[in-house]
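Residue 1 is where the sequence shown starts when you use full-length UniProt numbering, and the numbers rise one by one after that.
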Amino acid sequence: MARAPLVAESEALPESDRLDDFPHPRETRSLVGQDAAMAMLTDALASGRMHHAWLLSGPEGVGKATLAYQFAKIALARPEERDLFGQGLSIEPNSPTDRQIRAMSHPGLLVIHRTYDPKTKRFSQTIPVDEVRRLKAFLALSAESQGWRVVIVDSADDMNANAANALLKSLEEPPPRTIFLVVTSAPGRLLATIRSRCRIVSLSPLSEADLKRAAAQALTSVGKPVPEAHHWESLLPLAQGSVGRALTLLGGGGLALQARIDAILNGLPKLDAKSVHALGDELQAPALERKFELFFELYQSTLARLIAAQATGEGPERDVALAGRLIGPERLATFAELWETTARDKADTSALNLDRKSLILGSFARLEAASRR
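#1: Within a Cβ cutoff of 7 Å, which residues of the same chain sit near Q240, ignoring the five residues on either side of it in sequence?
#2: Assign A311 to one of three DSSP states: helix, strand, or coil.
#3: Taking the alpha-carbon positions, what's the G61 to D17 distance?
#4: Taking all protein chains shown into account, decide if T220 is buried (16 or more other Cβ within 10 angstroms of its Cβ) or exposed.
#5: Less than 9 Å between the C-beta atoms of L171 and A53, yes or no?
#6: If we ignore side chains and look at the alpha-carbon of each, how far apart do P227 and L255 end up?
#7: Using 10 angstroms around the beta-carbon of G267, count the other beta-carbons present and answer buried if the total reaches 16, otherwise exposed.
#8: Smallest Cα separation from P329: which of W232, G48, F295, R373?
#9: Can you name the start and end residues of the beta strand (DSSP E) that F180 belongs to?
#10: Specify the secondary structure class of L19 as computed by DSSP and reduced to three states.
#11: At what residue ranges does the UniProt domain "AAA+ ATPase" (50 to 206) contain a whole run of the alpha helix (DSSP H), taking only runs of 4 or more?
#12: Which ranges would you report for the alpha helix (DSSP H) in the region 236 to 284 if only whole runs of at least 4 residues count?
#13: Taking the CB atoms as reference points, tell me whether A36 and G63 lie closer together than 9 Å.
#14: Please state whether the Cβ-Cβ distance between L359 and L338 is less than 9 Å.
#15: Considering only residues of the same chain and omitting the five flanking positions on each side of L31, which have a CB-CB separation below 7 Å?
#16: I need the DSSP call for H24, collapsed to helix, strand or coil.
#17: Could you pull out every residue in the same chain whose Cβ sits closer than 7 Å to the Cβ of R133, ignoring the five residues on either side in sequence?
#18: Assuming L41 and V222 form a contact by the criterion Cβ under 8 Å, report the distance between their Cβ atoms to the nearest whole angstrom.
#19: Suppose you measure from the CA of G48 to the CA of P176; what does that come to, to the nearest Å?
#20: If I'm right that L306 touches L322 with Cβ under 8 Å, what's the distance once you round it to whole angstroms?
#21: What's the C-alpha gap between D158 and S124?
#22: Would you report the Cα separation of E15 and G324, rounded to the nearest angstrom?
#23: So the candidates are H106, T312, R290; which of them puts its Cα closest to the Cα of A77?
#24: Between which two residues does the alpha helix (DSSP H) carrying A287 extend?
#25: What residues in its chain sit with their C-beta under 6 Å from that of G251, if we drop five residues either side in the sequence?
#26: Where does I360 fall in DSSP's three states?
#27: Should the region 286 to 300 be called in touch with the region 256 to 275, which here means at least 3 C-beta pairs below 8 Å?
#28: Who are the Cβ neighbours of G315 in its own chain at under 6 Å, not counting the five residues just before and after it?
#29: Just verifying my parser: in three-state terms, what is the DSSP assignment at Q300?
#30: Beta carbon of Q300, beta carbon of T248: below 9 Å?
#31: Pop quiz: D154 and V183 are said to be a contact at Cβ under 8 Å. What is the actual Cβ separation, rounded to whole angstroms?
#32: Assuming T126 and N160 form a contact by the criterion Cβ under 8 Å, report the distance between their Cβ atoms to the nearest whole angstrom.
#33: Cβ of G108 within 9 Å of Cβ of G58?
#34: In the structure shown, what three-state DSSP assignment does Q217 receive?
#35: Relative to the C-alpha of T334, which residue among G244, L303, N94, I179 is closest?
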């Protein structure tokens with residue numbers, strides 16, 4: 001009797017780097033605002049002196065992963081795919097290589113990232129060493145027709161110590177015609193020996209015009225409306241040049257979360273306990289992990305913005321006014337320490353799978369105490 005197929009075998013697993021229903025970086029049609037970074041890679045490829053390892057460095061959400069996949073398509077494209085379209089370092093959408101990479105079925109591409117456990121329905125907190133060990137089998141294969149093989153590590157910031165050391169070994173003894181594209185938002189935290197073996201490609205925050213163009217591309221691709229001009233006034237300062245952050249704010253309820261954070265902070269030093277408990281109850285659900293992460297990113301960013309406003313006297317008028325009322329010169333060190341404590345507590349909660357609501361309640365309780373001193 002034939003065995004019935006398992007559902008898990010036919011269903012696509014969630015991906016840690018996919019943002020809601022927006023296109024994945026490998027599905028994004030064009031890279032916006034990072035022409036210099038792309039030129040650095042393509043010039044090296046065209047020169048015939050391609051370095052084996054590249055560190056794609058920059059803030060989150062500015063196009064590092066998109067750059068990695070776009071360049072992988074160029075490097076892995078067959079000669080006839082390039083020649084057909086005039087530019088030797090471009091590839092037509094829907095060409096065989098483009099389709100294979102979008103489907104993650106190209107034999108010359110390996111992507112190392114955080115894994116998903118269907119049983120627990122959670123992503124691993126780090127990239128485990130077993131994920132990096134897949135390199136051994138991949139690198140043992142010969143590149144197709146003297147072509148290239150490409151390894152994308154997205155992101156290197158997620159590797160645990162054993163995984164980082166395993167990657168370092170491959171970087172130290174790279175096989176011929178293999179390109180490593182290592183994505184990072186925090187290069188200073190990587191092993192110095194990994195950094196020393198990579199050429200650095202720096203990506204910058206997007207300009208306002210490029211941010212709007214990249215966001216419009218992603219929104220229209222899934223049939224969502226592009227924000228009106230007046231919405232950008234509040235969105236741009238929060239996005240900080242990151243299209244990923246802008247899309248998260250738009251599609252993940254980020255603007256509403258920011259409004260709730262602002263309302264609680266504006267009420268200090270009297271804490272709106274009802275609102276804080278409501279946030280804790282809402283973000284406690286395991287299915288809302290992304291929203292929980294977004295909340296803390298916004299919360300920490302808001303605190304950092306207020307601390308900077310108090311320290312420099314610069315920034316939006318409302319930030320300067322609120323910082324002066326809550327922090328003042330006498331509590332600046334206290335609030336800086338508060339930011340660091342909250343960051344540590346958040347990291348512990350994520351790493352040890354601790355209670356999210358307790359973290360939220362404790363964070364606001366310490367904020368209330370600091371504002372009363």
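Idealized CB from N, CA, C, for every residue including glycine.
Treat the numbers as computed from the prediction; the structure is a model and nothing was measured.
Result, derived from the coordinates:
#1: P205
#2: helix
#3: 10 Å
#4: exposed
#5: yes
#6: 12 Å
#7: exposed
#8: R373
#9: 178 to 184
#10: coil
#11: 64 to 76, 79 to 83, 96 to 102, 129 to 132, 134 to 140, 161 to 172, 192 to 196
#12: 243 to 251, 254 to 267, 273 to 283
#13: no
#14: no
#15: M38, G63, T66, L67, Q70
#16: coil
#17: A166
#18: Their Cβ separation, rounded to whole angstroms, is 28 Å, which puts L41 and V222 out of contact at 8 Å.
#19: 13 Å
#20: 6 Å
#21: 9 Å
#22: 42 Å
#23: H106
#24: Counting along the chain, A287 falls outside any alpha helix (DSSP H), and DSSP gives it neither H nor E.
#25: D20
#26: helix
#27: yes
#28: A309
#29: helix
#30: no
#31: 4 Å
#32: 4 Å
#33: no
#34: helix
#35: L303
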